[in-house]
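Participant: Residue numbers (this note's numbering), protein chains in the order written: chain B, 1 to 342; chain Z, 1 to 174; chain E, 1 to 379; chain G, 1 to 161. C-beta: ideal position from N, C-alpha, C; glycine also. First, the structure itself, so that you have it in front of you.
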């Protein structure tokens, strides 16, 4: 017999731990979708949502969510029913699971495991599979083409991502995201710059640029949004989805964006460390700084999204295999040399 | 029952069930996705054994790499049509005999072995030892494996470029 | 070995339907694509989804002037140019002259419409390649032109403003001021557009060397307008076969030079449109200066339109290319036969030739660069 | 640059008087009527001759003449090099509406000829893809004929209002 009473000591904290990132993701997604529209509106010389909720249409994404919940859940006749229904949830689960190792502040991390970065990269590789699953299960040629493209893209761009993460690990000497963050505390460089890794080693700036380009591709953002490029593949793997399942895809995509941005913040910008040393620190401020850094990167992604056209699939692959991967490996060697010499 | 025990049984059943679906499914893509569930289940079992590095490697290599490769292969070689992936069972009799024999052997070994049951303590440095072993005692096999993979990659690139330069040729128009 | 590989490649072909409901076919166009991977082996355009029997309607009308609203609906993003083409055709049949002021208004309207149409074409082209923002920038400018049109004609898309021998009514009193204002504010916007799109590395990568249309092929396929000029042929009916009063204005014909890649690629066709907008601005400026302030624009409209027996083929330069009206008159009040030679129809016909060997993503770029309007293709 | 009359004279020197005739009406442009069987030969000559160089076919239209019970095809040609135009016309009886295709000479003709077949019902011999273009393949009749009567049902759907 299962004795739940005896297990509450285990189960309750686990559930609370699980609920915290979920809340952050959902609230962030609602804000980010509204924010993206506002950013788009600002860039395109228009207002964006203005009506729902009076003040600058702040309730627009809530209204959208309610609308999506009410929509009919359509499953194509020839679709593979189980996989079709399962894929969006698996995609969200994959990006949600990765939040377990993100250190939101010095007082909160879902699971402080030794191989944090490695676990994160491993779990996000499930995203690719869920996209293939959705693409294949839809039984639609456009979906399949989109799925194939995205699988190829994500598998390729995982290489430079991992290679640049590796450069940071070489400098930091740990796979634990909490440890990596803790070692970036203080303001010692040139007397005033914070001890963030990007300032510690000049080659890490190159690493960050490569990393940022790769996460743009991993998160399917313009100029690498080929899997769902609306002008060619209709909507790629999402073509046949509607209602709440489609909302799950969007949620997963936005969560993925935040996840990778937060990873970038941890690896290069000192995670939850305040840029002003001890000023404005403490668990709550740490959370504020951390989210601010992550959201800034998300904002840059949006900015790029509304400025650039998109690449073609072979050009995308060429950028990855021909430029980013060799560069990131050369950079890895240079970073290591710098660390040995200084 | 402890929570870990419940999880252990849950993941074990999921792994075995998914493996059964993989074997008995007529649709090859369904089989591939069942394999995915099976592999994820195995990874979860590794986690329960405190082997977090192996679990993550299992996910990254098998789920994120090999399985995607399998799916690619299946989808590309079946001419792009999405519902032509049926499989049939051949050599039913010899296969059954062979698998029953192997099963009997495994059960026999399982029962006969004198298992030593010990309480595992959570290690705090899993990867440190692993790294030491790889770069210390096993550095030669490690490097040989690396060189082998490099050769394989170069070969693959060579073959891929030759094929693609033939098929992607912008034909001149009259 | 090589044979085996190519055999496998051939077997791998898959046929895919692009359209009729597809975001980047610019309307209801269906393209059947034979794909090898993502490489296009064969393109078969299927049209007719928007067919409304324009020619049959024209024959059934009991008056030549009743055809004009139908010409609007052919190329609905450059309705003024469509009307202009039809009106000059009928005027030539009747052998009538139109007043000076009418000619100037017509030219200004037609050139404004050309800018509006090119803005839409360029914006949609950018949108096809994933650049959303230039599309809206173009629309803001296009909106200003439509506002001017609306003040005068009352409509924003299908104007019915040209009449045989004149205009339906005089322009709005603010017309000159508004147009001058627009010309002044629009020049810097072209530069903005060039910064966002024309010079963008990704945009160039997506358009240069794609969908190359050599000069000889272009002529053989009957290409005209920006598509022909993009291939380096200096050919513009406003200069080479002047109609209306275009011979009075000083302007250049921009042609593709293969600056970013091969001559006649998508980028060349695109840049011709951008530069044409500048030339149109020049024409508008000159026309505004020369336009007489007084004059009744409706006095020249004949009460009864009954041409003598005969036939003619009159052509004019619309934003998309050569628009020809082949009209046969049998002395009755309605035309015996009206055939519209729509540039988009001809350009869509050369799509299979230039899309061979391209990728699906290139197909989108190619369709965008020839800038078709399905209303005109299907008529 | 040649006027239509000059072009006609130039052509008669090459092909003889019996296959060609020069026609004009009260207004508009004159045209040259060509015997249907000769149209491809004449077209090829018009395109390739160094003094004519008609490199583009601007327009190809099918016409129905109900009084004469004839179908016509009008070709409007144009030369970008020498900037002159000419119109050709072919007339064939309704009972045997066969005209040789000029698709091999000007590729524009491909779609235009399909349209002429679709709308008027002229049959173009040797056309590589002789199918309807604007209407569905199983449509009955050719709408631009003056005696056209619309079919009542198309695949079970009423076509009227």
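1) Taking residue 274 of chain E as the reference, which of E/55, E/134, E/351 has the closest Cα?
2) Got a sec: is the Cβ-Cβ distance from residue 29 of chain E to anything in chain G below 9 angstroms?
3) Would you verify that the beta carbon of residue 36 of chain B is, or is not, closer than 9 angstroms to some beta carbon of chain Z?
4) Spell out the partners DSSP gives residue 74 of chain G in its beta bridges.
5) For residue 98 of chain G, does the count of other Cβ atoms within 10 angstroms reach 16, so buried, or fall short, so exposed?
6) Quick one: does residue 133 of chain B have its CB under 9 angstroms from some CB of chain Z?
7) Within its chain, find whatever has a CB closer than 6 angstroms to the CB of residue 273 of chain B; leave out the 5 residues flanking it on each side and keep chain order.
8) Can you pull the chain E residues whose beta carbon is under 9 angstroms from the beta carbon of residue 21 of chain G, in chain order?
9) For residue 15 of chain E, is the classification buried or exposed, using 16 other Cβ atoms within 10 angstroms of its Cβ as the cut-off for buried?
10) Quick one: Cα of residue 142 of chain E to Cα of residue 88 of chain B, how far?
11) Using a beta-carbon distance cut-off of less than 7 angstroms, what residues from the segment 69-93 of chain G approach chain E?
12) What does residue 315 of chain E touch in chain A if you count any residue whose Cβ is under 8 angstroms from its own?
13) Distance cutoff 9 angstroms, beta carbons only. Does residue 59 of chain B sit that close to anything in chain E?
14) Flag residue 119 of chain B as yes if its beta-carbon sits less than 9 angstroms from any beta-carbon of chain Z, otherwise no.
15) Quick one, which of G/73, G/40, G/153, G/80 has its alpha-carbon nearest residue 55 of chain G's?
16) Using only CA atoms, which one of E/265, E/230, E/166 lies nearest to residue 321 of chain E?
17) What residues are listed by DSSP as bridge partners for residue 202 of chain B?
18) Going by alpha carbons, who is nearest to residue 143 of chain G out of G/129, G/118, G/160, G/14?
19) In three-state terms, what does DSSP make of residue 15 of chain Z?
20) Just to check my reading of the structure: residue 200 of chain B and residue 171 of chain B have Cβ atoms closer than 8 angstroms, yes? What is that Cβ distance to the nearest angstrom?
21) Just to confirm, is the Cβ distance from residue 249 of chain B to residue 86 of chain B under 9 angstroms?
22) For the segment 91-98 of chain E and the segment 151-163 of chain E, state whether three or more C-beta atom pairs, one from each stretch, are separated by less than 8 angstroms.
23) Check the Cβ of residue 219 of chain E against every Cβ in chain G and list those closer than 7 angstroms, keeping chain order.
24) Using the Cβ count rule (16 or more neighbours within 10 Å means buried), how would you classify residue 18 of chain E?
25) Any C-beta of chain G within less than 9 angstroms: which residues of the segment 87-99 of chain E qualify?
26) What residues match up with residue 310 of chain E in a beta bridge as DSSP calls it?
27) When the Cα atoms are used, what is the spatial distance from residue 50 of chain B to residue 59 of chain B?
28) Who are the neighbours of residue 33 of chain Z on chain B, taking C-beta pairs under 7 angstroms?
29) The beta strand (DSSP E) spanning residue 41 of chain E covers which residue range?
30) Measure the CB-CB distance between residue 28 of chain G and residue 120 of chain G and report whether it falls below 9 angstroms.
31) Do residue 94 of chain B and residue 117 of chain B have their CB atoms nearer than 9 angstroms?
32) Tell me the residue span of the alpha helix (DSSP H) that contains residue 143 of chain G.
33) Compute the beta-carbon to beta-carbon distance between residue 88 of chain E and residue 244 of chain E, rounded to the nearest angstrom, for a pair I have assumed lies under 8 angstroms.
34) Closest Cβ-Cβ distance between residue 128 of chain B and chain Z: below 9 angstroms?
35) Determine the extent of the beta strand (DSSP E) in which residue 275 of chain E is found, giving its start and end residues.
36) Between the segment 36-56 of chain E and chain B, which residues of the former have a C-beta closer than 8 angstroms to a C-beta of the latter?
Facilitator: If we stick to the structure as given:
1) Stepping through the third chain from its first residue, residue 274 of chain E is reached at position 274. It is E/134 whose Cα lies nearest to the Cα of residue 274 of chain E.
2) If you number the third chain from 1, residue 29 of chain E lands on position 29. So no, residue 29 of chain E is outside the interface.
3) The count along the first chain starts at 1 and reaches residue 36 of chain B at position 36. Cβ-Cβ to chain Z under 9 angstroms: no for residue 36 of chain B.
4) Translated into positions along the fourth chain, residue 74 of chain G becomes position 74. Answer by DSSP bridge pairing, in chain order: G/61, G/89.
5) Start at 1 with the first residue of the fourth chain, and residue 98 of chain G comes out as number 98. When all chains shown are included, residue 98 of chain G counts as exposed.
6) Counted from its first residue, the first chain places residue 133 of chain B at position 133. By this cut-off, residue 133 of chain B is an interface position.
7) By one-based count along the first chain, residue 273 of chain B stands at place 273. Within the same chain, residue 273 of chain B has close Cβ partners 184, 185.
8) Sequence index remark: in the fourth chain, residue 21 of chain G carries index 21 (1-based). The contacting residues do not exist; residue 21 of chain G stays about 16 angstroms from chain E at best.
9) Indexing the third chain from 1 puts residue 15 of chain E at position 15. By the neighbour-count criterion, in which a residue is buried when 16 or more other Cβ atoms sit within 10 angstroms of its Cβ, residue 15 of chain E is exposed.
10) Counted from its first residue, the third chain places residue 142 of chain E at position 142. Counted from its first residue, the first chain places residue 88 of chain B at position 88. Between residue 142 of chain E and residue 88 of chain B, the C-alpha separation is close to 40 angstroms.
11) Of all residues in the segment 69-93 of chain G, only 74, 76, 80, 83, 87 place a beta-carbon less than 7 angstroms from a beta-carbon of chain E.
12) This model lacks chain A altogether; the protein chains it does include are B, Z, E and G.
13) As a working mapping, residue 59 of chain B is identified with position 59 in the first chain. No, no contact with chain E.
14) Residue numbering aside, residue 119 of chain B sits at position 119 when the first chain is read from its first letter. So, interface residue.
15) For the purposes of this step, residue 55 of chain G is identified with residue 55 of the fourth chain, where counting begins at 1. Nearest of G/73, G/40, G/153, G/80 to residue 55 of chain G, Cα basis: G/80.
16) Here residue 321 of chain E corresponds to residue number 321 of the third chain, with the count starting at 1. The option with the nearest alpha carbon to residue 321 of chain E is E/230.
17) Position 202 of the first chain, counted from the first residue, corresponds to residue 202 of chain B. Beta-bridge pairing links residue 202 of chain B to no other residue.
18) Against the fourth chain, residue 143 of chain G aligns to sequence position 143. Considering only alpha carbons, the answer is G/118.
19) Against the second chain, residue 15 of chain Z aligns to sequence position 15. Correct three-state label for residue 15 of chain Z: helix.
20) On the first chain, residue 200 of chain B is found 200 positions in, with the first residue counted as 1. On the first chain, residue 171 of chain B is found 171 positions in, with the first residue counted as 1. The Cβ separation is near 7 angstroms, so the contact holds.
21) Position 249 of the first chain, counting from 1, holds the residue named residue 249 of chain B. Position 86 of the first chain, counting from 1, holds the residue named residue 86 of chain B. No. Outside cutoff.
22) no
23) Here residue 219 of chain E refers to the residue found at position 219 when the third chain is read from its first residue. Within 7 angstroms Cβ-Cβ: 55, 56, 80.
24) Translated into the one-based positions of the third chain, residue 18 of chain E becomes position 18. It is buried - the Cβ of residue 18 of chain E has at least 16 other Cβ atoms within 10 Å.
25) Closer than 9 angstroms at the C-beta level to chain G, one finds these residues of the segment 87-99 of chain E: 92, 93, 94, 95.
26) Working through the third chain from its first residue, we reach residue 310 of chain E at position 310. Residue 310 of chain E is bridged to E/329, G/27.
27) The residue labelled residue 50 of chain B in the question sits at position 50 within the first chain. The residue labelled residue 59 of chain B in the question sits at position 59 within the first chain. One C-alpha to the other measures close to 9 angstroms.
28) Residue 33 of chain Z sits at position 33 when you count from the first residue of the second chain. Simply 83, 133.
29) Residue numbering aside, residue 41 of chain E sits at position 41 when the third chain is read from its first letter. Looking at the DSSP string, the run of the beta strand (DSSP E) that includes residue 41 of chain E is 39-46.
30) Position 28 of the fourth chain, counting from 1, holds the residue named residue 28 of chain G. Position 120 of the fourth chain, counting from 1, holds the residue named residue 120 of chain G. No, they are not a contact pair.
31) In the first chain, counting from the first residue as 1, residue 94 of chain B sits at position 94. In the first chain, counting from the first residue as 1, residue 117 of chain B sits at position 117. Not in contact: residue 94 of chain B and residue 117 of chain B (Cβ atoms no closer than 9 angstroms).
32) Here residue 143 of chain G refers to the residue found at position 143 when the fourth chain is read from its first residue. Neither: residue 143 of chain G is in no alpha helix (DSSP H) and is coded neither H nor E.
33) Here residue 88 of chain E corresponds to residue number 88 of the third chain, with the count starting at 1. Here residue 244 of chain E corresponds to residue number 244 of the third chain, with the count starting at 1. Indeed, because the Cβ distance is near 7 angstroms, the residues count as touching under 8 angstroms.
34) As a first step, residue 128 of chain B must be located in the first chain, where it is residue number 128. Yes, residue 128 of chain B counts as interfacial toward chain Z.
35) Taking the third chain and counting its residues from 1, one reaches residue 275 of chain E at position 275. Here residue 275 of chain E belongs to no beta strand (DSSP E); instead the alpha helix (DSSP H) covers 266-290.
36) From the segment 36-56 of chain E, only 38 have a Cβ closer than 8 angstroms to chain B.
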